[in-house]
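Student: Taking my numbering, the leading residue of the sequence shown gets 135, the next gets one more, and so forth.
Beta carbons are placed, not taken as given, at the ideal position from N, Cα and C, and that holds for glycine.
Here the structure is a predicted model, which means the values were calculated and not measured.
I have a structure here, written as C-alpha cells, and I will follow up with some questions on it.
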Amino acid sequence: MGIGAMMATALAENGASKVYIVGRRLDKLQEMALKYPDVITPLPADVTCQADLKRIADLVATEVGYINLLVTNAGMSGPMLEDLKPRYTLTDFLLNK
C-alpha cells in the first residue's frame, strides 16, 4: 500500500465524512473505495492534465462545496538518476511541477 492509499485509509478510519481519491488506474481506485464505500469516492484522472484537474475541482465544489484537507501525493518510480534518459526527466518534471 502506497502513501496515498495509507492517507485515504487513515482519514476514512478516523472520522472523515468524505475522501476523494484521484489516480489514473480506475481498478486500483475502485479497489480502495470498496473498503470504505460510504466515505471514499474514486475519481480517475491524470494529475498532469489541466482539464482533468478542473473536472475534479468542479465535481468536489458541486458535491461538497469545500475542502478541509488536500493531500497531493503524486509520484512514480523509475531508473536511478545516473540511468535517466531525457524523456524520463521531462516526465518527472511534468508530474511534480
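Based on Cα-Cα distance, which residue from Val205, Leu145, Ala146 lies nearest to Val156?
Tutor: Selected option, being the one with the closest Cα: Val205.
Student: Roughly how many whole angstroms lie between the Cα atoms of Leu168 and Ala139?
Tutor: 12 Å
Student: What does DSSP give as the partner residue(s) for Pro178 in the beta ladder?
Tutor: Gly157
Student: What separation, rounded to the nearest whole angstrom, lies between the Cα atoms of Arg159 and Pro178?
Tutor: Arg159 and Pro178 have their C-alpha atoms some 7 Å from each other.
Student: Find the nearest neighbour of Glu147 within the set Met135, Gly136, Gln164, Tyr170, judged by alpha-carbon distance.
Tutor: Tyr170
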